[in-house]
Amino acid sequence: MLSTLSVSQIQILCHGAALGFFLLLGQVVTRYKQPLIRRDLLVNVGTGLGILIVIKPLMMWLNSVLSIHLVSLESLPAPLQFLLAFILLDFTRYWLHHMHHRVPFFWQFHRVHHSSATLDATSGLRMHLFDFVQLALLPTLLFSTLFDIREWSEWMLPSVLLVGTFFDAFQHANIRFNIQHPIGKIWHKLLNNPHFHSWHHVREANGQDGNYGNVLLIWDRLFGTEVTQDVLPDALGLDDTQSLKTSNPVSLQLLQRPSV
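Using my numbering, you'd call the opening residue of the sequence shown number -1 and step up by one each time.
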């Protein structure tokens, strides 16, 4: 069965499996009490599916245009290929996320992702089309424009991308993650988790705007943007000055403000 599926189809299946697993786990090891099926979840899924359908032809065209292959990496052994691709992607994602919050022009779009007052494994799907294009372009710019990886296994880069997919679902999941537990403390020293990322979504973000990392936490600690506290934040989402309608995916893409 798997041999008849394309790499992209397997990526989609793995993404769906990660979302389903962490959604269900969030009902067992719950952080905040909330129903599984609720409006926010439907908006998240609707937004993600809608953007995926719209963006596919655009990304196919951009990938063809940007395939320049400036620097060859074909001589690297497979373990170094994976490690290099993972670190480059995680590092650039950190800085892109940093820009989304610290530059007002980009924040006006990125606040779509922060427009929900609740989190679950599907929350990473809630984003503006403009954000999605930037995230989708990162692998292209790194491994098609800048570097030449055409001699790598066709599974190498998708495998690296799936690590980010796993952590995106995990860090947004409504899972109780104790960073004081011995295992949780070890994990929290290096890798993203629901407790760490909840402080990225804190509602009153003045003076607490940080925790931008996707997988590795070293970037936030190295560049002084970690804002994690021992207890969970009281409220998530946007404050009244930044709020957006969340009733449907279209209103989010249009950046509509609530009617008075």
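All C-beta atoms in this analysis are idealised placements derived from N, C-alpha and C, irrespective of residue type, glycine included.
| task | Over the uninterrupted alpha helix (DSSP H) stretch that includes V161, give me the two end residues. | result | Working through the sequence shown from its first residue, we reach residue 161 at position 163. Where V161 is concerned, the enclosing alpha helix (DSSP H) stretches over M154 to H170.
> Distance, Cα to Cα, G44 vs N246?
Replying inline: Position 46 of the sequence shown, counted from the start, is the residue given in the question as residue 44. Position 248 of the sequence shown, counted from the start, is the residue given in the question as residue 246. Roughly 8 Å separates the two Cα atoms.
Q. In or out: L40 buried (at least 16 other Cβ within 10 Å) or exposed?
A. Here the question's residue 40 lines up with position 42 in the sequence shown. By the 10 Å Cβ count, L40 comes out exposed.
_Alpha carbon of M210 to alpha carbon of N176, nearest angstrom_ = Locating residue 210 in the sequence shown gives position 212, where the first residue counts as 1. Locating residue 176 in the sequence shown gives position 178, where the first residue counts as 1. Residue 210 is actually Tyr in this sequence, not Met. Distance between the alpha carbons of Y210 and N176: 20 Å.
Exercise for the section: Since I believe G235 is in contact with A115 (beta carbons under 8 Å), could you give me their beta-carbon distance rounded to a whole number of angstroms? Expected result: Residue 115 sits at position 117 when you count from the first residue of the sequence shown. Residue 235 sits at position 237 when you count from the first residue of the sequence shown. Rounded, the Cβ-Cβ distance is 4 Å, consistent with contact.
ask   = How many angstroms separate the CA atom of W59 from the CA atom of F89?
value = For the purposes of this step, residue 59 is taken as the residue at position 61 of the sequence shown. For the purposes of this step, residue 89 is taken as the residue at position 91 of the sequence shown. Roughly 26 Å between the two C-alpha positions.
Could you check the C-alpha separation between S70 and L47 for me, to the nearest Å?
By 1-based counting over the sequence shown, the position of residue 70 is 72. By 1-based counting over the sequence shown, the position of residue 47 is 49. Answer to the nearest angstrom: the Cα atoms are 35 Å apart.
- Item | In chain order, each alpha helix (DSSP H) run of at least 4 residues that lies wholly inside the stretch 174 to 243 | 180 to 188, 192 to 196 and 216 to 220
Span of the alpha helix (DSSP H), counted from its first residue to its last, around N42
As a position in the sequence shown, residue 42 is number 44, starting the count at 1. Taken as a continuous stretch (DSSP letters only), the alpha helix (DSSP H) holding N42 covers R37 to V63.
Practice problem: With a floor of 4 residues, list each alpha helix (DSSP H) that falls wholly inside the stretch 62 to 130, ordered by position along the chain. | Solution: 76 to 100 and 102 to 108
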